[in-house]
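Peer 1: Residue numbers (the numbering used here): 1448 to 1858. For glycine and all other residues, C-beta sits at the position ideal for the given N, C-alpha and C.
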RNA sequence: GCCGGGAUGGGGUAGCGGUGCAUCCUUGGGGACUGUGGAUCCCCGGACCCGGGUUCAAAUCCCGGUCCCGGCCCCA
């Protein structure tokens, strides 16, 4: 048998059902915030990524030559496509509030919360330089997490590249790269490693610690900090999620120009569940008109980790109806009953096996149907159905006309 | 790309050099059952990841690969 490719996943019905429900919730939240859904190609010219993303991402792409000899790649992220779409249309009314849920591909070593093919929600606001856009984006992120049932299990951490750069310039000049590296890994490295890195690079321990704890901000007066405070208060007042300013959130991506954010589970047991920020130069870098932009992306893999840990990765009990004919008269009649009920918009499963009533009930039970409709010669004659409630085991014979009303409530 | 730990029917497992056709549960299909038996009983299908090697003998030991789980790098 041919095996599934490394790092790829199959989604069987039990799981796909959960997955669709989660995506539906995410999309609902976006729409409630006035965002419009978009979609793009899964394959793009590699140049689109070469421009912006740097070497690292180039090494992780599923790239190939198409039959026309073009170097193309499965998309590893959304921002380049988004920028291309924005640049191509000069008539778009700003600000744009767009979201998408798409598949992405990156050739990496699979591990917890990481696969080679994954889904990602992207939500962006383009055309606004205001911190209000950052606040709205953050608020949406919080709302989505709340809607997914993990608003209490996660927190949003926000920061500003501009702010941290100013701090570095005032207190640790010339050490930008080292400070970024250190803050980004502060919790991961642990005290000892942090200590030895500080010593090695000649960074003042007192100062860097006041960065990591945020103590430095207590006495600071700065317009960028002021904005950040307002974003924090904005999200706070939506009461969806915990939010705090954290100077340790720098995000690795080179193109962030100011505001950055990240969300994770409270204990930080998992990777960050979403990340994003302001990227005012990307659209222009890709050849478009200068367009300020802010947004975030949320992958499905870490989300799955967290939902499972919180016991929220569960199938909704859906019920449904199974039609079980027991003789040839019943089989003919069943087709009529099925289409009658389907007209009402009900989901109706009809036996397609050569089976007796016992095995049909067995099947219906295993599939989780709430009702079984038993149909035979007698029902066919009387235009009735025998309706069996699979939870209680109760069964009664009712006229088909009345059955409609009863079953319609199930929809 | 690098580093750990794994891999036995669809799922969960027992066996860890030879004594039983590779164990047990579950799942799947069928039969008894001819309108209530989602029960019970019975039958059937289905596996030692792949390729080399060591050995009289390999699921079992060794090497390589593949895949899985986890970590590093990186996280767009």
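Can you check the stretch 1475-1526 for any beta strand (DSSP E) of at least 3 residues that lies completely inside it and give the ranges in chain order?
Peer 2: 1490-1492, 1510-1512 and 1518-1521
Peer 1: I need the boundaries of the beta strand (DSSP E) containing residue 1599, first residue and last residue.
Peer 2: From DSSP, residue 1599 is part of no beta strand (DSSP E); its letter is neither H nor E.
Peer 1: Which residues mark the beginning and the end of the beta strand (DSSP E) in which residue 1569 is found?
Peer 2: 1564-1573
Peer 1: Within 10 angstroms of its Cβ, does residue 1508 collect 16 or more other Cβ (buried), or is it exposed?
Peer 2: buried
Peer 1: Span of the beta strand (DSSP E) holding residue 1771?
Peer 2: 1768-1772
Peer 1: Have a look at the DSSP bridge pairing and note the partners of residue 1740.
Peer 2: 1573
Peer 1: Less than 8 Å between the CB atoms is what I'm expecting for residue 1492 and residue 1525, so what's the real figure, rounded?
Peer 2: Not a contact, Cβ separation roughly 15 Å.
Peer 1: Please report how far the alpha carbon of residue 1547 lies from the alpha carbon of residue 1835, in whole angstroms.
Peer 2: 43 Å
Peer 1: Work out the CA separation of residue 1797 and residue 1767 for me, nearest whole Å.
Peer 2: When rounded, the distance between both Cα atoms is 11 Å.
Peer 1: Ends of the alpha helix (DSSP H) at residue 1827?
Peer 2: 1824-1829
Peer 1: Using three-state DSSP, classify residue 1688 as helix, strand or coil.
Peer 2: Here residue 1688 sits in coil by DSSP.
Peer 1: Check the DSSP bridge columns for residue 1710 and list the partner residues they point to.
Peer 2: 1603 and 1721
Peer 1: Just list the residues that DSSP pairs residue 1834 with in beta bridges.
Peer 2: 1820 and 1843
Peer 1: From the DSSP secondary-structure annotation, give me the bridge partner or partners of residue 1549.
Peer 2: Looking at the DSSP assignment, residue 1549 forms a beta bridge with 1567.
Peer 1: Between which two residues does the alpha helix (DSSP H) containing residue 1749 stretch?
Peer 2: 1747-1756
Peer 1: Quick one: using the 10 Å Cβ neighbour count with 16 as the cut-off for buried, is residue 1739 buried or exposed?
Peer 2: buried
Peer 1: If contacts are defined as beta-carbon pairs under 8 Å, then residue 1722 and residue 1706 qualify, I think. What distance do you get, rounded to the angstrom?
Peer 2: At roughly 12 Å, the Cβ-Cβ gap does not stay under 8 Å, so residue 1722 and residue 1706 are not in contact.
Peer 1: Which of the three DSSP states, helix, strand or coil, is assigned to residue 1762?
Peer 2: coil
Peer 1: Does DSSP classify residue 1543 as helix, strand or coil?
Peer 2: strand
Peer 1: I need the boundaries of the alpha helix (DSSP H) containing residue 1809, first residue and last residue.
Peer 2: Counting along the chain, the unbroken alpha helix (DSSP H) around residue 1809 starts and ends at 1804-1814.
Peer 1: What does the Cβ neighbour count give for residue 1838, buried or exposed, with the cut at 16 atoms within 10 Å?
Peer 2: exposed
Peer 1: What is the DSSP secondary structure of residue 1698, reduced to helix, strand or coil?
Peer 2: In the structure shown, residue 1698 adopts coil according to DSSP, grouped into three states.
Peer 1: Please classify residue 1796: does DSSP put it in a helix, a strand, or coil?
Peer 2: Strand, per DSSP.
Peer 1: Going by CA-CA distance only, name the one from 1629, 1474 and 1760 that's closest to residue 1549.
Peer 2: 1474
Peer 1: By the 10 Å Cβ neighbour count, where 16 or more other Cβ atoms means buried, how is residue 1865 classified, buried or exposed?
Peer 2: A question about residue 1865 goes unanswered here, because the residues of the chain that appear run from 1448 up to 1858.
Peer 1: Take residue 1690 and list the residues in its own chain whose beta-carbon comes closer than 8 Å to its own, dropping the five residues that flank it on each side.
Peer 2: 1585, 1589, 1602, 1603, 1604, 1605, 1679, 1682 and 1683
Peer 1: Are the CB atoms of residue 1800 and residue 1816 nearer to each other than 9 Å?
Peer 2: no
Peer 1: At which residues does the alpha helix (DSSP H) containing residue 1457 begin and terminate?
Peer 2: Going by DSSP, residue 1457 is part of no alpha helix (DSSP H) at all; its letter is neither H nor E.
Peer 1: Pick helix, strand or coil for residue 1536, following the three-state DSSP scheme.
Peer 2: coil
Peer 1: Below 8 Å on the Cβ atoms is my guess for residue 1487 versus residue 1528; work out the distance and round it to an integer in Å.
Peer 2: 4 Å
Peer 1: In the DSSP assignment, find the alpha helix (DSSP H) that holds residue 1612 and state where it starts and stops.
Peer 2: 1608-1618
Peer 1: Quick one, which of 1609, 1597, 1567 and 1728 has its alpha-carbon nearest residue 1674's?
Peer 2: 1609
Peer 1: How would you label residue 1452, buried or exposed, when you count the other beta carbons within 10 angstroms and need 16 or more for buried?
Peer 2: Residue 1452 is exposed by the Cβ-count criterion.
Peer 1: Could you tell me which residues DSSP pairs with residue 1778 in its beta bridges?
Peer 2: DSSP, once it has assigned bridges, lists no residue as partnering residue 1778.
Peer 1: I need the boundaries of the alpha helix (DSSP H) containing residue 1643, first residue and last residue.
Peer 2: Bounds of the alpha helix (DSSP H) holding residue 1643 are 1623-1648.
Peer 1: Can you give the Cα-Cα distance for residue 1772 and residue 1759, rounded to whole angstroms?
Peer 2: 37 Å
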